[in-house]
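Taking it in order: structure first as structure tokens, then the write-up.
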Amino acid sequence: MLYIWFIAINVAGIAVTVHDKSAARRGAWRVSERTLFALCLLGACPGVYLTMRIIHHKTRHKRFMIGIPLIFLAQCTIAGILWYYSIL
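Here the working numbering is used: position 3 in the sequence shown is -7, and no number is missing along the way.
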């Protein structure tokens, strides 16, 4: 079940990032930074970050280029701790 969530949230994160880049080019309604960070907190860090790097979206914003990897590192650390203690 966790794998399905991880895939679904990353696909959503990729779609939202691509949509925001498209909206930026057209001058249309944009996705808020809060929404992008919320998706990352829900598990979409890999998809959002890699998509940003591939399509060159928000790569000049240190807030994203540092913040998203830090969120991912924190999530991996928490997951590792939970995994370690569930084994014992």
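Each residue gets a CB set at the ideal place from its N, CA and C atoms; glycine is no exception.
The model shown is predicted, which means the values in this text are computed figures rather than measured ones.
- Taking C-beta atoms as the reference points, V1 and T41 fail to come closer than 8 Å.
- For G17, the secondary structure class from DSSP, reduced to helix, strand or coil, is coil.
- For M(-9), no alpha helix (DSSP H) encloses it, and the DSSP letter there is neither H nor E.
- In this structure the stretch 36 to 55 does not touch the stretch 65 to 73; the number of beta carbon pairs closer than 8 Å is below three.
- For F(-4), the CB contacts under 6 Å within the same chain, skipping 5 residues up- and downstream, are G33 in chain order.
- Burial of L29 is indicated by the presence of at least 16 other C-beta atoms within 10 angstroms of its C-beta.
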